[in-house]
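Asks: In order, the protein sequences belong to chains A and B. The first sequence begins at 0 in numbering that gives the first Met the number 0 and counts up by one. The second sequence begins at 0 in numbering that gives the first Met the number 0 and counts up by one.
There are 2 protein chains.
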Amino acid sequence: MLSKKAQYAFHALTYLVEKEGEGPVQISNIAQEKGISLKFLEIILLELKRGGILGSKKGKGGGYYLIKSPKEVPLSKVIRLIDGPIALLPCVSLNFYEPCEHCTEDGCGLNGVMAEVRDATLLILERKTLADIVKG
Amino acid sequence: MLSKKAQYAFHALTYLVEKEGEGPVQISNIAQEKGISLKFLEIILLELKRGGILGSKKGKGGGYYLIKSPKEVPLSKVIRLIDGPIALLPCVSLNFYEPCEHCTEDGCGLNGVMAEVRDATLLILERKTLADIVKG
DNA sequence: GTAATACCCCATAGAAATACTAGGGTAAAC
DNA sequence: GTTTACCCTAGTATTTCTATGGGGTATTAC
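(1) Just reading off the beta strand (DSSP E) that tyrosine 7 of chain A is part of, what are its end residues?
(2) Please list, in chain order, the chain B residues whose beta carbon lies closer than 7 angstroms to that of phenylalanine 9 of chain A.
(3) Would you please verify whether the beta carbon of leucine 44 of chain B is less than 8 angstroms from any beta carbon of chain A?
(4) Can you tell me where the alpha helix (DSSP H) holding lysine 48 of chain A begins and where it ends?
(5) Can the beta-carbon of glutamate 97 of chain B be found less than 8 angstroms from the beta-carbon of cysteine 90 of chain B?
(6) Let me make sure I understand the geometry here. Which of B/Asn28, B/Pro23, B/Leu80 has the alpha-carbon closest to that of glycine 58 of chain B?
(7) Using 8 angstroms as the limit for Cβ to Cβ distance, is leucine 1 of chain A near chain B?
(8) Could you tell me whether the region 70-83 of chain B touches the region 6-21 of chain B, using the rule of 3 or more Cβ pairs below 8 angstroms?
(9) Excluding sequence positions up to five away, which residues of its chain have a Cβ less than 7 angstroms from the Cβ of lysine 33 of chain B?
(10) How many whole angstroms separate the CB atoms of valine 116 of chain A and isoleucine 132 of chain B, which I take to be in contact at a CB cut-off of 8 angstroms?
(11) Residues of the region 114-135 of chain B with a CB closer than 8 angstroms to any CB of chain A: list them in chain order, please.
(12) What's the gap between the Cα of isoleucine 42 of chain B and the Cα of leucine 53 of chain A?
(13) Please state the DSSP three-state secondary structure of leucine 53 of chain A.
(14) Find out if the Cβ-Cβ distance for the pair tyrosine 63 of chain B, isoleucine 26 of chain B is shorter than 8 angstroms.
(15) My output table needs one value for proline 23 of chain A: the three-state DSSP class, helix, strand or coil.
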């Protein structure tokens, strides 16, 4: 399951997509509009900025904005940034790989299936972008 | 990600599949062989029993055993039993559905994609069974 | 240049989930 | 009736989740 944090991230991002071209959007604006705690949202947006998805501008008229086209931001990137691994097992994770202590060298039988699940999931999450989750 | 508990469950189940036909297997046997804490494993096996996957026999010569053929136990059943929902969002979960407060009536844009992910995942996890995760 | 704005950073904290641990109870087999 | 081995309740340490609070700093408008 996605954490609340990741869900909030998506809600904030879709809002920013909708507001694209209107200049920076303030945290307080997003928080109020989407019903998210302001301080918690602050942390989330900061992470999205550090992850290269958002840019920010300080001072009057400042706020957050997308630094890429929505079509260039796959959903997988957001999930990995906020929640971490997409795979169901650390030993089949592409970006957060860790060996299992319980798997023998030739791997336990789970690996194969979980790698399949990972691939099927990524096939969707890598292709779908922020542009796809904004209602027409 | 699967919890350690779920991973232990799979390790224990594969062991039971390998020992099928040899009568009940004791918890202590599985725990030692798979390197799992005995008391923690006890809890896990009990949940698998309550979930209708395992049977147990008390007293001397007792232990746990599969009550169905390994081919009849899909991996999805084990995951749902131990970890809960397979879907990434509660609002697209088939077995643990909960409405999202942030989604409007016609749904947020995420729903569609996450339902796709769920279907792709289930297509694998419903078809693959305990028989598939035991090494030939 | 100064005051207002709005992001930035650090510390803390309650609640829940995770991953166990301890100890005794109970049914079955011999 | 004693041993075996599952069954049940309770507790606990650690981590993660979900925030909250207060102050610092860069930018802009005037």
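Quick reminder that beta carbons are idealized off the backbone N, C-alpha and C, glycines included. Just so we're clear, the structure is a prediction, and the values are computed from it rather than from any experiment.
Replies: Reading it off the structure:
(1) Run containing tyrosine 7 of chain A: none in the beta strand (DSSP E); it sits in the alpha helix (DSSP H), 3-17.
(2) Leu109
(3) no
(4) 37-49
(5) yes
(6) B/Pro23
(7) yes
(8) yes
(9) His10, Ala11, Tyr14
(10) No, valine 116 of chain A and isoleucine 132 of chain B are not in contact; Cβ-Cβ is about 12 angstroms, not under 8 angstroms.
(11) Glu115, Val116, Ala119, Thr120, Leu122, Ile123, Leu124, Lys127, Asp131, Ile132, Val133, Lys134
(12) 45 angstroms
(13) strand
(14) yes
(15) coil
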